[in-house]
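Chains as they are written, first to last, in the UniProt record's numbering: chain A, 1 to 386; chain B, 1 to 243; chain C, 1 to 221.
Cβ coordinates follow ideal geometry from the N, Cα and C atoms, glycine included.
Below is one structure; the comments refer to it alone.
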Amino acid sequence: MIRLESLTKVFDTQKGAVVAADHIDMEVPEGEICVLLGPSGCGKTTTLKMINRIVKPTSGKVFINGDDTTGLDTQTLRRNIGYVIQQIGLFPNMTIEENITIVPKLLGWDKTKYKARAREMMAMIALEPDAFLKRFPSELSGGQQQRIGVARALAADPPVMLMDEPFGAIDPINRAVIQDEFLKMQQDLNKTIMFVSHDIDEAIKMGDRVAVFREGKLVQYSTPDDLLAAPKNAFVESFLGEDRALKRLNLVKVREIVTDEIGTVIPSDTLESALAKIDDYGYQNAILMVNERKQPAGIINRSIARTTKGYCRDHFQAVPAVVDLDDDLRKAASLMFAHDQTWLPCVDKEGTVCGQITQRAMTSHLGARYRARQGDDRKPSAAIKE
Amino acid sequence: MPIRSIKGALKVLVLVAIFFAGVWSQSSGVIDEFIWYLPDVQYLMVQHIWLTAMSGSLAIIVAIPLGVLLSRPSMARVAESLMQVLNVGTTIPTLAVLALSMSFLGIGVLPAVFGLFVATLLPITRNTYAGLKGVNPALMEAAAGIGMSPMQRLFKVELPNALYVIFAGMRTALTINVGTVPLAFLIGAGGLGELIFTGIDLYDPVMMLSGAIPTALLAIVVDALIATIAFLIVPRGVNPGRA
Amino acid sequence: MELLQYALDNASLLLSRTIEHIALVGVAVGIATLTGVPIGIAITKNERVAQGVLYMASIIVTIPSIALFGIMIPVLSLIGHGIGYVPAVIAVLLYSQLPIIRNTYTAINNVSPALREAARGIGMSPNQRLRLVEIPLAIPVIMAGVRTAVVLNIGVMAIAAYIGAGGLGTFISRGISQSDPRQLIVGAIAVSLLAIIVDYSLLYLQKRLTPRGMSREAAAT
Numbered sequence: 001m002i003r004l005e006s007l008t009k010v011f012d013t014q015k016g017a018v019v020a021a022d023h024i025d026m027e028v029p030e031g032e033i034c035v036l037l038g039p040s041g042c043g044k045t046t047t048l049k050m051i052n053r054i055v056k057p058t059s060g061k062v063f064i065n066g067d068d069t070t071g072l073d074t075q076t077l078r079r080n081i082g083y084v085i086q087q088i089g090l091f092p093n094m095t096i097e098e099n100i101t102i103v104p105k106l107l108g109w110d111k112t113k114y115k116a117r118a119r120e121m122m123a124m125i126a127l128e129p130d131a132f133l134k135r136f137p138s139e140l141s142g143g144q145q146q147r148i149g150v151a152r153a154l155a156a157d158p159p160v161m162l163m164d165e166p167f168g169a170i171d172p173i174n175r176a177v178i179q180d181e182f183l184k185m186q187q188d189l190n191k192t193i194m195f196v197s198h199d200i201d202e203a204i205k206m207g208d209r210v211a212v213f214r215e216g217k218l219v220q221y222s223t224p225d226d227l228l229a230a231p232k233n234a235f236v237e238s239f240l241g242e243d244r245a246l247k248r249l250n251l252v253k254v255r256e257i258v259t260d261e262i263g264t265v266i267p268s269d270t271l272e273s274a275l276a277k278i279d280d281y282g283y284q285n286a287i288l289m290v291n292e293r294k295q296p297a298g299i300i301n302r303s304i305a306r307t308t309k310g311y312c313r314d315h316f317q318a319v320p321a322v323v324d325l326d327d328d329l330r331k332a333a334s335l336m337f338a339h340d341q342t343w344l345p346c347v348d349k350e351g352t353v354c355g356q357i358t359q360r361a362m363t364s365h366l367g368a369r370y371r372a373r374q375g376d377d378r379k380p381s382a383a384i385k386e
Numbered sequence: 001m002p003i004r005s006i007k008g009a010l011k012v013l014v015l016v017a018i019f020f021a022g023v024w025s026q027s028s029g030v031i032d033e034f035i036w037y038l039p040d041v042q043y044l045m046v047q048h049i050w051l052t053a054m055s056g057s058l059a060i061i062v063a064i065p066l067g068v069l070l071s072r073p074s075m076a077r078v079a080e081s082l083m084q085v086l087n088v089g090t091t092i093p094t095l096a097v098l099a100l101s102m103s104f105l106g107i108g109v110l111p112a113v114f115g116l117f118v119a120t121l122l123p124i125t126r127n128t129y130a131g132l133k134g135v136n137p138a139l140m141e142a143a144a145g146i147g148m149s150p151m152q153r154l155f156k157v158e159l160p161n162a163l164y165v166i167f168a169g170m171r172t173a174l175t176i177n178v179g180t181v182p183l184a185f186l187i188g189a190g191g192l193g194e195l196i197f198t199g200i201d202l203y204d205p206v207m208m209l210s211g212a213i214p215t216a217l218l219a220i221v222v223d224a225l226i227a228t229i230a231f232l233i234v235p236r237g238v239n240p241g242r243a
Numbered sequence: 001m002e003l004l005q006y007a008l009d010n011a012s013l014l015l016s017r018t019i020e021h022i023a024l025v026g027v028a029v030g031i032a033t034l035t036g037v038p039i040g041i042a043i044t045k046n047e048r049v050a051q052g053v054l055y056m057a058s059i060i061v062t063i064p065s066i067a068l069f070g071i072m073i074p075v076l077s078l079i080g081h082g083i084g085y086v087p088a089v090i091a092v093l094l095y096s097q098l099p100i101i102r103n104t105y106t107a108i109n110n111v112s113p114a115l116r117e118a119a120r121g122i123g124m125s126p127n128q129r130l131r132l133v134e135i136p137l138a139i140p141v142i143m144a145g146v147r148t149a150v151v152l153n154i155g156v157m158a159i160a161a162y163i164g165a166g167g168l169g170t171f172i173s174r175g176i177s178q179s180d181p182r183q184l185i186v187g188a189i190a191v192s193l194l195a196i197i198v199d200y201s202l203l204y205l206q207k208r209l210t211p212r213g214m215s216r217e218a219a220a221t
């Protein structure tokens, strides 16, 4: 857990005092990733760097796991906080192994322990230990270097990590890959992480919570979904962009809005009974046909059922697309658009049909938050802590 | 292709030239004259090397800590102006340095070593300072961020990363040093300069060359020696020679 | 005080030797620039030749000046110029090659590939590219090389007094041989001041020659 209490930084410049961070109060619960988001010069990086005192706070306190760090000696504090920066900062004079083991060495681990730890870290970031440990940073690609940077920060297993635009210098394709890898690692590691970013999409993807900064002040601190659904003011709204409702599609899983009520037919049903079912359920165009294991097998069109006689198994069409319960709405929407459908069958892990998702349900789910907000006069759903 | 043939032609030409030079020198007795100077060369060479070693090692011992000290953040204000002074200092010709040293300390080994020391000190200090200041700030932030103490940062990060530049400074400085030692003869400190200057005065080419050729070779050897040491010592990841 | 008196008494001698010193270094470095810059440009065409040329030039600089004089005297005696200003000028010419060739070579090579591509893209011929883009961008760095050469060789020329080349070194050599500290110190200070002043003047010139819009960083070398 990281808690900031009234954390303030005032820089003395030639043009007078500049308040880079103004009484920041916030708390990151244990095991969560908090993304500090905002335009450049908004104070997000200053706030982050005050936690490990790369920037010395003017006033205020930092608590880690409930303990006030003010009295702690700077080096002890830093050795217990993982730190990743955009420029990576691997030491070019040291091998990969020396880079990864530097903090354990500073903490006085014995040799067998930190050597083993280096191999463990390499396995975690999916780089072959024998191929990489003895090499030098200059021999690695940017993406590999940043993985090593993360490994170095995690080597001594600190409870807390600070990451300053860690993936900012990596090309978009590799960035997405590293982000995914990192999120996967975090599921096992459960670190408490503060993460600076200026990229709204990255913030939504990585953050359990997002803190939006502007001119040294914390403007809004909420979950990504709350942030997108209920921006606290015009600044946040414009920063999030006009397509913020679409961005929320990333955050909602099919599971959350699926209706398990779905009418289906089996191949041995007659078209007549299929037509009756279509009308019973009130479907406009078609009904899903499933096989004996309840897996999607085809589509029976209403027009065919009405004009033709026979069995479903002889008159079905291919299923255009299905979505998985763990897919996000963005994928569902994309499939609907691509296949010109207003609904899609949903399947579980075994591939059995367990419901359907409709365009109507999606828009109504997304819209619910906005409608609710208009009633309570722009009050954000999750207020800034304390 | 043309390069190779030009190189080949040059090689042949050089070999032919060496052959005729050999024939000429043997027939005219020059070789015997050189051999006659051999004991002198040996004796003066030892003196020469001693002067370089003495002034050079003193300069390294003083210059590197001085450069490190000046590069500390607490010294930032003094450092910039002091570096200006050192920069001006490096433009002063070595003959002038030795002459000034002599006018204060008289003649002999002491003023020579002192003058050589000063001339060697400046480039090393300058490069040490520049090398340390040139270390990527991101590295320094990373080093601080993972909790290294200032001393650990200096020894584990700053110095290894500045080492190549520091060695370049030592190489320049010691090459200048070896080349200046002949002038030390002028203020009475001996060395191979004795053969060169006396040779010029007496217009004795053999004597002159007995001094000049070993001096030139010595400078090339010292230069190559330091380059080799740098190649071996500077960590592989930051050594352009061992990419 | 005594020194100042001596300097004033010998003001005209001091002046003429300073001019002599500047002239010798100026002529030699001038010729060196005329040879070094084209060589530096030419070797950008071939990496291997470039390494060879730069290696040769760096070996020459490594040879101590007095040793170089010593080696040249017997050779030049064959044409009757063993001592005097000829070996001095030749030595300065040789020493100047490294900084000038090296800086020209690096400067031209360091012109950003994007600029070079842009120049090609708008249809410049290789010669136009060199004349309109590469050389103007390289001039500050080439000037820095010339400056290094001049400062280095003011010192070399001082030593050349011992082979009868004249210049300010004469005060020092006479000061030593006649055990006259006044001549010695005045000579040493004069040659030091000359080096410092010339260094700063050339630095100023170098900055003036930097095309506006180019960062000062580029001229700092």
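{"Asked": "For the beta strand (DSSP E) containing A:GLN356, name the first residue and the last one.", "Found": "353-358"}
{"Asked": "Evaluate contact between the stretch 159-175 of chain C and the stretch 226-238 of chain B, counting only Cβ atoms and requiring at least three cross-stretch pairs below 8 Å.", "Found": "no"}
{"Asked": "Could you tell me if B:VAL16 is buried or exposed, where buried requires 16 or more neighbouring beta carbons within 10 angstroms of its beta carbon?", "Found": "exposed"}
{"Asked": "Just the C-alpha distance for A:ALA245 and A:GLU272, rounded to the nearest angstrom, thanks.", "Found": "42 Å"}
{"Asked": "Between which two residues does the beta strand (DSSP E) carrying A:ARG209 extend?", "Found": "209-214"}
{"Asked": "I'd like the list of long-range same chain contacts for B:VAL109, defined as Cβ closer than 7 Å, with 5 residues on each side in sequence excluded.", "Found": "ALA189"}
{"Asked": "Quick one: Cα of C:GLN5 to Cα of B:PHE155, how far?", "Found": "53 Å"}
{"Asked": "Please go through the same chain and pick out, in chain order, the residues whose beta-carbon is closer than 7 Å to the beta-carbon of A:LYS134, but skip the five residues on each side of it.", "Found": "THR95, GLU97"}
{"Asked": "What residue from A:GLY143, A:ALA156, A:PRO158 has the CA that sits closest to A:VAL177's CA?", "Found": "A:GLY143"}
{"Asked": "Please confirm if the stretch 256-276 of chain A is in contact with the stretch 226-237 of chain A, defined as three or more CB-CB distances below 8 Å between the two stretches.", "Found": "no"}
{"Asked": "Check the Cβ of A:ASN250 against every Cβ in chain B and list those closer than 9 Å, keeping chain order.", "Found": "In chain order: nothing, as chain B lies at least about 31 Å away."}
{"Asked": "Would B:THR128 and B:ALA184 qualify as a contact pair, given that the criterion is a beta-carbon distance under 9 Å?", "Found": "no"}
{"Asked": "In the DSSP assignment, what are the bridge partners of A:THR259?", "Found": "A:GLN356"}
{"Asked": "Helix or strand or just coil, what does DSSP make of A:LYS44?", "Found": "helix"}
{"Asked": "Alpha carbon to alpha carbon, how far is C:GLY52 from B:PRO182? Give it in angstroms, no decimals.", "Found": "29 Å"}
{"Asked": "On the DSSP bridge assignment, give the partners of A:THR264 in chain order.", "Found": "A:LEU288"}
{"Asked": "By DSSP's criteria, A:TRP343 is part of a beta bridge. Which residues make up the other side?", "Found": "A:THR358"}
{"Asked": "Should the stretch 193-200 of chain C be regarded as contacting the stretch 142-158 of chain C, the criterion being three or more beta carbon pairs within less than 8 Å?", "Found": "yes"}
{"Asked": "Beta-carbon within less than 6 Å of A:PRO380's beta-carbon, same chain only, minus the 5 sequence neighbours each way: which residues are those?", "Found": "Only weak support exists for where A:PRO380 lies, its pLDDT of 46 falling under 50; the value from the coordinates is given anyway. Correct list, in chain order: ALA230, LYS232."}
{"Asked": "Looking at C-alpha atoms only, which residue of A:MET124, A:PRO104, A:ILE88 is the closest neighbour of A:GLN145?", "Found": "A:ILE88"}
{"Asked": "Give me the chain B residues within the contact set of C:SER65, using Cβ-Cβ distance strictly less than 8 Å, ordered along the chain.", "Found": "GLY179"}
{"Asked": "Listed from N- to C-terminal order along the chain, which residues in the stretch 51-64 of chain A have their beta-carbon within a distance smaller than 8 Å of any beta-carbon of chain B?", "Found": "ASN52, ILE54"}
{"Asked": "Please classify A:TYR281 as buried or exposed, where buried requires at least 16 neighbouring CB atoms within 10 angstroms.", "Found": "exposed"}
{"Asked": "I want to verify the contact list: residues of chain A whose CB lies under 8 Å from the CB of B:ALA144, in sequence order.", "Found": "ILE54, ARG78"}
{"Asked": "DSSP three-state label for B:ILE220, please.", "Found": "helix"}
{"Asked": "Express the C-alpha separation of A:ASP326 and A:LYS349 in angstroms, rounding to a whole number.", "Found": "9 Å"}
{"Asked": "Based on Cα-Cα distance, which residue from C:GLY84, C:TYR200, C:LEU205 lies nearest to B:THR91?", "Found": "C:TYR200"}
{"Asked": "In angstroms with no decimal places, state the Cα-to-Cα distance between B:VAL165 and B:VAL135.", "Found": "10 Å"}
{"Asked": "Express the C-alpha separation of A:VAL35 and A:ASP225 in angstroms, rounding to a whole number.", "Found": "13 Å"}
{"Asked": "I need the DSSP call for A:TYR8, collapsed to helix, strand or coil.", "Found": "Residue identity check: residue 8 of chain A is Thr in the sequence provided, not Tyr. DSSP places A:THR8 in strand when its eight states are reduced to three."}
{"Asked": "One question on the structure: do A:LEU162 and A:ASN52 come within less than 9 Å of each other, judged by their Cβ atoms?", "Found": "yes"}
{"Asked": "Applying the 10 Å Cβ sphere with the 16-neighbour rule, what's the burial state of B:GLY241?", "Found": "exposed"}
{"Asked": "Between which residues of its own chain and B:ILE200 is the CB-CB distance below 8 Å, once the five residues before and five after are set aside?", "Found": "MET208"}
{"Asked": "Note the first and the last residue of the continuous beta strand (DSSP E) segment covering A:LEU133.", "Found": "Taken as a continuous stretch (DSSP letters only), A:LEU133 belongs to no beta strand (DSSP E), as it is neither H nor E."}
{"Asked": "If you check the beta carbons only, do B:ALA216 and C:ILE90 fall under 9 Å apart?", "Found": "no"}
{"Asked": "Output needed in chain order: residues of the stretch 118-142 of chain B with a Cβ under 7 Å from some Cβ in chain A.", "Found": "ALA138, LEU139, GLU141, ALA142"}
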